[in-house]
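K.L.:
Same order as they appear, the protein sequences are chains A and B.
In terms of this note's numbering, the first sequence opens at residue 1 and continues consecutively.
In terms of this note's numbering, the second sequence opens at residue 396 and continues consecutively.
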Amino acid sequence: MMSDSDLETFRAETRAWLEATCPPEMREPVETEDDVYWGGRNATFKNDAQKAWFEACRDKGYTVPSWPREYGGAGLSPAEAKVLREEMSRINARSPLHSFGIWMLGPALLHFGTHEQKLRFLNEIARGEIRWCQGYSEPGSGSDLVSLQTFGEDKGDHWVVNGQKIWTSYADKADWIFCLVRTDKGDKYQGITFMLFDMASPGVSTKPILLISGSSPFCETFFDDVKVPKFYAENVPAQAGEVNRGWDVAKYLLGHERSMIAETGGNDRAVSLGSMLSRNIAPDPVLRAELAQFDVDALAFTAMTEKFMDEAKSGKGHPAQPNMFKYAGTELNKRRLELVMAAGGSAALEWESEATAGGKSARDWLRTKANSIEGGTSEVMLNVVAKRILDLPGA
Amino acid sequence: MPLYYDDDQTMLAETASQFMAEEGSIKKQLRHWRDRNCKDGFGHGLWQQFAEMGFTGMLVGEDDGGLGMGQVEAGIVLEEIGRNLTPSPFLSSSVLAATALKHGSADVKGRWLPGLIAGEKVYAVAIDEGPKHRPERIACKAERSGNGFRLSGKKDFVVYGASSEMIVVAARTSGSEADSDGVTLFAVPQDAAGMSHDSVRLVDSSMASHVTFDGVELDGDAVIGEVDGGREILDAVLRAGRVGAAAEGVGVARGAMDMTVDYIKQRKQFGRLIGEFQALQHRAAHLYSEVEIARAVTVKAAQLLDAGDEKADLMASVAKAKVAKAAGLAVREGVQMHGGIGMTDEYDIGLYMKRDRALQEFLGDQYYHANRVAEMSGY
């Protein structure tokens with residue numbers, strides 16, 4: 001364990017490195033979709049600053065600071081990683097790389113993957129070379145995910161996959177998919193395999209879904225006789241965990257997904273919403289009071305976030321705690337955007353104008369409504385908390 | 396610093412939890428003294444035991460004979476006090492008064508701290524003037540008189556005031572009611588001539604005084620800190636007290652929640668355990684979530700206070716407000732989910748509701764603190 005003085009040295013070095021390395025443009029709030037860099041085979045940078053910041057972080061292992069060095073990370077301890085987070089948030093530094101590989105597949109592979117799998121896939125993720133998407137939900141399997149029907153027929157050295165996924169985030173932009181596929185129709189829970197395959201494989205097609213927010217972050221994804229080899233190389237199987245035990249991986253990963261969704265808007269919560277909207281609320285004491293109540297809840301939740309992350313890093317938290325965290329974080333985010341709309345008045349209704357950056361408030365407001373649906377609805381989260389944490393009886 | 400207890404704090408939490416469950420239980424303390432119509436509203440024997448446990452002087456510096464611990468540790472004890480509804484002068488004496496005395500001269504400390512640490516004396520603080528907490532306005536007056544001061548005015552909601560050997564009083568030594576400056580803190584001894592108590596029992600069976608100062612003559616050495624320099628000390632006292640009250644509120648919330656969750660696992664209606672009904676499960680899970688968040692921000696505020704962080708003041712108000720919301724929800728849901736027996740005096744859940752109500756008002760309710768958060772955030 002590091003002593004406090006070692007940690008303070010690390011903080012000073014980190015601060016100096018960030019000061020010297022993080023371009024001023026990368027300390028501005030994210031405004032538009034292309035302000036975020038997702039990596040991948042077809043990625044382009046919006047500007048030189050974005051490129052420089054990404055490359056500097058990549059070379060230092062800071063796209064995935066706490067992953068081991070051999071897998072592309074910086075090998076930071078939980079305490080060091082926290083210092084880095086704190087120092088980045090102090091200067092409002094943007095995250096250099098957004099990636100479902102980092103948030104979801106990575107943790108699953110770190111836990112379930114072979115060494116050779118990790119060497120290949122984790123390094124690709126850390127270096128932003130491959131952009132991943134997640135194939136979970138199906139048209140008939142939403143909250144009841146385990147009923148999924150997409151089937152992989154065993155053909156000896158490969159599977160042939162047929163079926164359909166829905167709500168696949170950015171499937172149309174992704175290079176590879178991690179996907180839940182039924183490989184045994186006789187066993188509901190122990191008949192699913194967590195497969196990894198290339199979206200460029202013949203038979204894969206995607207179709208964006210237009211949402212009420214006017215954007216299309218999600219797709220329908222179709223598999224029509226997609227051939228998935230069982231091994232990509234020696235000790236690099238095409239599935240994480242064992243064949244037919246993909247549900248264990250999925251459950252493990254859902255925790256990460258729920259934490260990630262809960263953190264949506266996380267950086268905003270430390271900044272008082274009322275102070276940002278103060279121009280419009282002065283004549284309305286009731287709205288001001290609502291904002292004050294919101295700020296209490298939002299600031300309190302920043303402490304919950306910190307506690308949640310600290311406990312997760314040290315293995316202290318209850319394994320079902322991500323469900324509570326997701327429930328509370330998403331409900332808070334929805335409330336936040338309701339207030340943004342209320343304080344914005346008629347200006348916030350504008351859908352396309354330049355003054356509103358293309359209707360950002362209205363579109364964000366509508367987008368947040370998905371927060372309490374995707375990755376497990378609020379109702380499912382409450383079910384899980386009731387059963388697994390409070391140990392309440394019943395099915 | 397991670398936002399969970401370190402090894403020493405975990406050990407303290409275990410000790411405090413066991414001690415309070417055994418010695419500070421509802422049956423042994425709250426009901427015992429209440430049913431005997433005790434004029435103090437708490438037991439001096441337990442206060443002695445607090446001293447033996449090292450609790451009474453935990454916030455007092457080691458140089459002054461205390462344990463030199465922080466707000467996190469005090470919060471650990473307070474959470475157990477809250478969970479067991481233990482009537483105790485710990486918050487007013489060992490947190491509020493002790494924080495004030497920290498700013499006193501060597502003489503002031505020497506006069507008051509040993510009795511506190513030994514569990515022989517109990518202290519109160521007198522801040523409020525009126526039914527709502529409004530410490531920005533101090534009207535109670537202390538005018539120069541010879542080498543000392545003459546104190547006049549009224550204070551309300553002085554918890555355990557009539558049982559206290561000394562009361563820390565915030566009074567005005569210059570300027571007018573709404574001025575921030577010109578406030579001085581005084582350590583007023585119990586036997587001061589001209590001080591009278593109208594001691595009343597509150598809804599939670601605790602005792603509080605309306606205190607009247609009718610030309611109370613005080614020596615110059617009753618001053619804590621500097622004359623006219625009391626506002627800064629008062630703010631420190633309020634911060635410590637609010638974070639402490641929040642910690643006690645977390646204990647109240649968790650106690651009420653645990654009792655309620657246990658109850659719905661046992662109570663059968665329609666041939667089923669009522670805890671099987673999703674209508675109750677979702678409400679219980681929502682409550683759990685709120686209480687967890689309230690607890691996180693309370694520990695955070697305590698850590699910030701101990702670190703001398705500039706955000707501590709804001710987070711103290713956030714914690715007090717958030718805990719008020721969560722604990723209020725816990726006791727309301729608690730009584731409702733208990734059904735008819737939740738309304739009976741025999742069951743403890745109603746006692747949680749009463750304690751919560753008193754704690755809500757102490758040092759500012761959720762509306763006061765939400766407003767304070769807005770003001771500190773510039774709107």
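Even glycine gets a Cβ: it sits at the ideal position worked out from N, Cα and C.
Reducing DSSP to helix, strand and coil, say where A/MET199 ends up.
P.N.:
It is coil, neither helix nor strand.
K.L.:
Can you list, in chain order, the residues of its chain whose CB lies under 8 Å from that of A/GLU374, leaving out five sequence neighbours each side?
P.N.:
So the qualifying residues of the chain are TRP167, ILE261.
K.L.:
Got a sec: which bits of the region 286 to 301 of chain A sit with their beta carbon under 8 Å from any beta carbon on chain B, in order along the chain?
P.N.:
Correct list: ARG288, ALA289, LEU291, ALA292, GLN293, ASP295, VAL296, ASP297, LEU299, ALA300, PHE301.
K.L.:
Among the residues of its own chain, which have a CB less than 7 Å from the CB of A/VAL36, if the five just before and after it don't count?
P.N.:
Around A/VAL36: VAL30, HIS98.
K.L.:
Helix, strand or coil: which one does DSSP assign to A/ASN162?
P.N.:
Three-state DSSP puts A/ASN162 in a strand.
K.L.:
Taking the alpha-carbon of B/ALA565 as reference, which of B/MET590, B/GLU643, B/ALA534 has the nearest alpha-carbon?
P.N.:
Among B/MET590, B/GLU643, B/ALA534, the Cα nearest to that of B/ALA565 belongs to B/ALA534.
K.L.:
B/VAL583 and B/ILE512 - do their beta-carbons sit closer together than 8 Å?
P.N.:
Result no, Cβ atoms of B/ILE512 and B/VAL583 do not sit closer than 8 Å.
K.L.:
Run down chain B in chain order and give the residues with a C-beta less than 7 Å from the C-beta of A/VAL340.
P.N.:
What A/VAL340 touches in chain B: nothing, since even the nearest Cβ is about 14 Å away.
K.L.:
Please compile the residues from chain B whose C-beta is within a distance smaller than 7 Å of the C-beta of A/SER278.
P.N.:
Residues of chain B passing the Cβ test: GLY773, TYR774.
K.L.:
Determine the DSSP secondary structure at B/LYS706, reduced to helix, strand or coil.
P.N.:
Note: B/LYS706 maps to coil in three-state DSSP.
K.L.:
Which same chain residues end up closer than 7 Å to B/LEU633 when comparing Cβ atoms and leaving out the 5 residues on each side of it in sequence?
P.N.:
Excluding positions up to five away in sequence, the list reads PRO530, LEU758.
K.L.:
Comparing alpha-carbon positions, which option in A/TRP247, A/THR193, A/PRO322, A/HIS318 lies nearest A/HIS256?
P.N.:
Among A/TRP247, A/THR193, A/PRO322, A/HIS318, the Cα nearest to that of A/HIS256 belongs to A/PRO322.
K.L.:
For a minimum of 4 consecutive residues, which ranges assigned as the alpha helix (DSSP H) are wholly contained in the region 416 to 442 of chain B?
P.N.:
Segments of the alpha helix (DSSP H) lying fully in the region 416 to 442 of chain B: 426 to 430.
K.L.:
Among the candidates B/ILE669, B/PHE665, B/ALA537, B/TYR399, whose CA atom is the shortest distance from the CA of B/GLU572?
P.N.:
The shortest C-alpha separation from B/GLU572 is found at B/ALA537.
K.L.:
How is the alpha helix (DSSP H) around B/MET748 delimited, first residue to last?
P.N.:
744 to 756 is the extent of the alpha helix (DSSP H) around B/MET748.
K.L.:
Residues of chain B with a CB under 8 Å from the CB of A/ASN383: which are they?
P.N.:
Here the neighbours are GLN673, GLN676, HIS677, ALA680.
K.L.:
Which first and last residues belong to the alpha helix (DSSP H) in which B/THR693 is found?
P.N.:
Note, B/THR693: alpha helix (DSSP H), 673 to 701.
K.L.:
Going by alpha carbons, who is nearest to A/THR21 out of A/ASP4, A/ASN42, A/GLN50, A/SER5?
P.N.:
Closest option to A/THR21, Cα to Cα, is A/GLN50.
K.L.:
Which runs of the beta strand (DSSP E) spanning at least 3 residues fall entirely within the region 594 to 670 of chain B, listed in chain order?
P.N.:
With a minimum length of 3 residues, the continuous beta strand (DSSP E) runs that stay inside the region 594 to 670 of chain B are 602 to 613.
K.L.:
Can you tell me which residues form a DSSP beta bridge with A/GLU153?
P.N.:
Beta-bridge pairing links A/GLU153 to A/VAL160.
K.L.:
Could you spell out where the beta strand (DSSP E) holding A/GLY135 opens and where it closes?
P.N.:
Counting along the chain, the beta strand (DSSP E) containing A/GLY135 begins and ends at 132 to 135.
K.L.:
Where DSSP assigns a beta bridge to A/HIS111, which residues make up the other side?
P.N.:
Paired residue(s): none; A/HIS111 is not in a bridge.
K.L.:
Are there 16 or more other CB atoms within 10 angstroms of the CB of B/ASN542, so buried, or fewer, so exposed?
P.N.:
Exposed, since its Cβ has fewer than 16 Cβ neighbours within 10 Å.
K.L.:
Helix, strand or coil, according to DSSP, for A/GLN190 in the structure here?
P.N.:
Coil, per DSSP.
K.L.:
For B/GLY465, would you say it is in contact with chain A, using Cβ-to-Cβ distances shorter than 8 Å as the test?
P.N.:
So, not an interface residue.
K.L.:
Consider the Cβ of B/GLU643: report whether some Cβ of chain A lies at a distance smaller than 8 Å.
P.N.:
No, its Cβ sits nowhere closer than 8 Å to a Cβ of chain A.
K.L.:
Ends of the beta strand (DSSP E) at B/GLY543?
P.N.:
Element bounds for B/GLY543: 543 to 554.
K.L.:
Which residue from A/ARG85, A/GLN239, A/LYS387 puts its Cα closest to that of A/LEU105?
P.N.:
Out of A/ARG85, A/GLN239, A/LYS387, A/GLN239 has the C-alpha closest to the C-alpha of A/LEU105.
K.L.:
Could you tell me if A/MET324 is buried or exposed, where buried requires 16 or more neighbouring beta carbons within 10 angstroms of its beta carbon?
P.N.:
A/MET324 comes out buried.
K.L.:
Counting only runs that start and end within the region 447 to 493 of chain B, where is the alpha helix (DSSP H) found for 4 or more residues in a row?
P.N.:
The region 447 to 493 of chain B contains these whole alpha helix (DSSP H) runs: 466 to 479.
K.L.:
Tell me the start and end of each unbroken alpha helix (DSSP H) in the region 348 to 380 of chain A that is at least 4 residues and wholly inside, in chain order.
P.N.:
The region 348 to 380 of chain A contains these whole alpha helix (DSSP H) runs: 360 to 368.
K.L.:
Just to make sure I have the definition right: I need the residues of chain A whose C-beta is within less than 7 Å of the C-beta of B/GLU687. Which are they?
P.N.:
MET304, MET324, listed in chain order.
K.L.:
What residue from B/ARG545, B/PHE608, B/TRP442 has the CA that sits closest to B/ASP614's CA?
P.N.:
The residue with the shortest Cα to Cα distance from B/ASP614 is B/ARG545.
K.L.:
Which chain B residues sit within Cβ distance under 7 Å of A/LYS316?
P.N.:
TYR399, listed in chain order.
K.L.:
Closest to B/ALA501 by CA distance: which of B/ALA617, B/TYR683, B/ALA635 is it?
P.N.:
Selected option, being the one with the closest Cα: B/ALA617.
K.L.:
Does any residue of chain A have a CB that is nearer than 8 Å to the CB of B/SER684?
P.N.:
Yes - at least one Cβ of chain A is within 8 Å of the one on B/SER684.
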